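Here the structure comes first, spelled out in structure tokens, and everything after it is commentary.
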Amino acid sequence: MGDSQYSFSLTTFSPSGKLVQIEHALTAVGSGQTSLGIKASNGVVIATEKKLPSILVDEASVQKIQHLTPNIGVVYSGMGPDFRVLVRKSRKQAEQYNRLYKEPIPVTQLVRETATVMQEFTQSGGVRPFGVSLLVAGYDDKGPQLYQVDPSGSYFSWKASAMGKNVSNAKTFLEKRYTEDMELDDAIHTAILTLKEGFEGEISSKNIEIGKIGADKVFRVLTPAEIDDYLAEVE
Amino acid sequence: MSEVPPKGGFSFDLCKRNDMLIQKGLKAPSFLKTGTTIVGLIFKDGVILGADTRATEGPIVADKNCEKIHYMAPNIYCCGAGTAADTEAVTDMVSSQLRLHRYQTGRDSRVITALTLLKKHLFSYQGHVSAALVLGGVDITGPHLHTIYPHGSTDTLPFATMGSGSLAAMSVFEAKYKEGLTRDEGIKLVAEAICSGIFNDLGSGSNVDICVITKGNKEYLRNYMEPNPRTYVSSKGYSFTKKTEVLRTKITPLMERVEITEVGEAMEE
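Order-wise, the sequence lines are chains A and B. Residue 2 is where the first sequence starts when you use my numbering, and the numbers rise one by one after that. Residue 496 is where the second sequence starts when you use my numbering, and the numbers rise one by one after that.
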């Protein structure tokens, strides 16, 4: 269609009205490890596969789920290094907001500012879009919230969502299993089952990561021991 | 001609102007200083910080119960003497930087980190940020106590005092401090030192605030002692025996009542 002739420059629209670099960024996300999030009635859970390139890698040193503030956590699918940069920027923005207004940043505000950063990288010279999609889980005055942010800078609020390799199976599974009045523990079980769906090999506490936030408004990454407990309950 | 915003750093232009005005005889406006007695000491299990609670604006007491012990990190607190706005702003800023740093490293903040961030900031402002601080905390390397002067120099000490009441407080420490104090002995000594400042220095007064920091725990004892209670309010209340008699009543309305009658058509929109 002539699209390929426009794929070199980020800031040029193709004749079909697309920015081809962003499409490619979404492909990078789509080939990343599966991650998902579920919003329960009293909290949010996010989870991801943690497949390491070799058994020699020290899996305790790898942490894919990160804190942005005490009550907001984030997970990604796509390129790890891009995620690190975004996390750093988001943490700084949250801290600046806190200093200016002396209140913890609302989840929507932080998501919007992060999305703005990602959009800037789609409209500047000499840079490329981030090759990650983020799932932001938070609990503030408006209750539990789950947002997905894409490389283009668009963001959506979800009741449950998945990203990465196994996205279509995972989303179908979630559509069947999701209920409005789910509690946080049920949501964690559902998250594990969803990850199990497309999992290659044996699922264990060493190759998945789960983060949750409840009504106490404190985001926590579960320890491997806690994940083992939940896995046992699911069996 | 477009205005280029300054690239950063302090612009000393106004300081030159101020010096010139003072030489010409202008009286500089007085700012809210904290007068102050602030102290810190290291005891067996950690650090104890103490402060008075009077904020002065020249000869007037501006705040009878202000908070001079500022939060820096869960394991680090900082007492501030000097200009109240400066101590608040600088401790707030460094506390924010420390929090960001904790997220990046995943570790608890160290006292020496807070010390370095503060002294670098104060030095770059060449003493114009009038904040004299007593910084104390317990981190992975143990308990630490430092003093920081407005120009950016620092000391590391087992016991320290700052502020206009520092000599009064230091005399108490020099007489009674010893290594390996217990928690209660330490709190008693700090309270004594602050009281010495409260009673002997005009710039310090009101109550005693204390903060005890140990490994993994902190206690902020706000208004630990109140040696200056307000006694002028009568506890009995006031009763007036004779009611005022009403002799005559006359009401004068301040505005004339105006009647509006609509004539003609309303204006077209």
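Where a beta carbon is used, it is the ideal one built from N, C-alpha and C, also for glycine. Nothing here was measured: the structure is a model prediction, and the numbers come from that model.
Residue contact with chain A for residue 588 of chain B: present (Cβ-Cβ distance below 9 Å to some residue of chain A).
Cβ atoms of residue 692 of chain B and residue 663 of chain B come within 8 Å of each other, at about 5 Å. The beta carbon of residue 60 of chain A is closer than 8 Å to those of 51, 53, 207 and 208 in its chain, skipping five residues each way along the sequence. In the three-state reduction of the DSSP assignment, residue 189 of chain A falls in the helix class. Here the alpha carbons of residue 506 of chain B and residue 550 of chain B stand approximately 29 Å from one another.
Following the DSSP letters along the chain, one finds residue 662 of chain B inside the alpha helix (DSSP H) bounded by residues 661-671. The Cβ of residue 662 of chain B sits no closer than 9 Å to any Cβ of chain A.
Pairing residue 137 of chain A with residue 74 of chain A, the inter-Cα distance amounts to about 6 Å.
Counting the other Cβ atoms within 10 Å of the Cβ of residue 538 of chain B gives 16 or more, which makes it buried. Residue 79 of chain A places its beta carbon 9 Å or farther from that of residue 38 of chain A.
Judged by DSSP secondary structure, residue 626 of chain B falls within the beta strand (DSSP E) whose first and last residues are 626-634.
Residue state for residue 706 of chain B is assigned as strand, using DSSP reduced to three classes.
For chain A, the residues of the segment 567-596 of chain B that bring a beta carbon within less than 8 Å of one of its beta carbons are 587, 588, 591, 594 and 595, in chain order. 9 Å or more divides the Cβ of residue 722 of chain B from the Cβ of residue 695 of chain B. For residue 222 of chain A, the three-state secondary structure derived from DSSP is strand. Counting only Cβ-Cβ distances below 7 Å, residue 92 of chain A has contacts in chain B at 595 and 598, in chain order. Here residue 568 of chain B is not near residue 637 of chain B, since their CB atoms are 9 Å or more apart.
DSSP places residue 57 of chain A in the coil class of the three-state scheme, outside both helix and strand.
With a cut-off of 8 Å on Cβ pairs, the segment 569-580 of chain B is in contact with the segment 609-627 of chain B, counting three or more such pairs. Burial state of residue 181 of chain A is exposed, judged by a 10 Å Cβ sphere holding fewer than 16 other Cβ atoms. Note on the segment 118-184 of chain A: whole beta strand (DSSP E) runs with a minimum of 3 residues are 133-141, 144-150, 156-158 and 161-164, in chain order.
For residue 89 of chain A, the closest alpha carbon among the candidates B:582, B:590, B:595 and B:588 is that of B:595. Chain-order list of chain B residues neighbouring residue 96 of chain A: 591, 594 and 595, by C-beta distance under 8 Å.
For residue 66 of chain A, there is no enclosing alpha helix (DSSP H), as DSSP gives it neither H nor E.
Taking the Cα positions, residue 656 of chain B is about 22 Å away from residue 556 of chain B. The straight-line gap separating the alpha-carbon atoms of residue 34 of chain A and residue 682 of chain B is approximately 55 Å. When 8 Å is used as the limit between beta carbons, residue 100 of chain A is near these residues of chain B: 587, 588 and 591, in chain order. Excluding five sequence positions before and after residue 710 of chain B, the CB atoms of its chain that fall closer than 6 Å to its own CB belong to 633, given in chain order.
Within the segment 583-626 of chain B, the runs of alpha helix (DSSP H) at least 4 residues long that lie entirely inside it are, in chain order, 606-619. For the 9 Å CB-CB criterion, residue 145 of chain A and residue 47 of chain A do not form a contact.
Closer than 9 Å to the CB of residue 89 of chain A there is at least one CB belonging to chain B. For the pair residue 562 of chain B and residue 743 of chain B, the CB atoms are not nearer than the 9 Å cut-off. The contact set of residue 68 of chain A on chain B, defined by CB atoms closer than 8 Å, consists of 598 in chain order. Under the 10 Å beta carbon count, residue 731 of chain B is surrounded by fewer than 16 other beta carbons and is classified as exposed.
According to the DSSP assignment, residue 23 of chain A belongs to the alpha helix (DSSP H) that extends over 21-31. In the DSSP assignment, residue 696 of chain B falls outside any beta strand (DSSP E) and carries neither an H nor an E.
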